[in-house]
């Protein structure tokens with residue numbers, strides 16, 4: 657069950673939560689927190705009225721460095737324009 661999101665995206669923007677980044681390398685070494693990269697995969701939790709192809713609940717891949725990251729009520733969200741979404745994860 658989806659909880660109410662405290663952000664309402666405007667126009668062609670979506671609000672999403674990032675998936676957890678990998679915690680270890682392919683060789684099995686654990687990464688310290690400061691070495692982890694931000695995941696580019698996120699789950700959409702809200703869409704603006706002008707968004708055409710993305711819907712609530714989609715898993716998306718966003719362009720690196722194109723999002724605005726915000727923390728509201730202890731939860732980290734990203735806000736991205738629809739044009740900065742590269743793909744929907746099947």
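Residue numbers (the working numbering): 657 to 746. Built from N, CA and C at the ideal position, the CB exists for glycine as well.
*Rounded straight-line distance, which links the Cα of residue 733 to that of residue 725*: If you draw a straight line from the Cα of residue 725 to the Cα of residue 733, it comes to about 6 angstroms.
*Starting from the C-beta of residue 695, find all residues in its chain whose C-beta is less than 7 angstroms away, skip the five residues before and the five after it, and write them out in chain order.*
Correct list, in chain order: 674, 675, 676, 677.
*When you compare each of 707, 738, 703, 730 to residue 719 by their alpha carbons, which one comes out closest?*
Among 707, 738, 703, 730, the Cα nearest to that of residue 719 belongs to 738.
*Quick one: is the Cβ of residue 683 within less than 8 angstroms of any heavy atom of the ligand ATP?*
The ligand ATP is not part of the structure shown, which contains no ligands of any sort.
*Could you give the residue range of the beta strand (DSSP E) that holds residue 638?*
What is shown of the chain runs 657 to 746, which leaves residue 638 out entirely.
*Exposed unless 16 or more other CB atoms sit within 10 angstroms - verdict on residue 670*: Buried.
*Would you kindly check if the distance between the Cβ of residue 700 and the Cβ of residue 711 is under 9 angstroms?*
It is a contact, given that the beta carbons lie within the stated cut-off.
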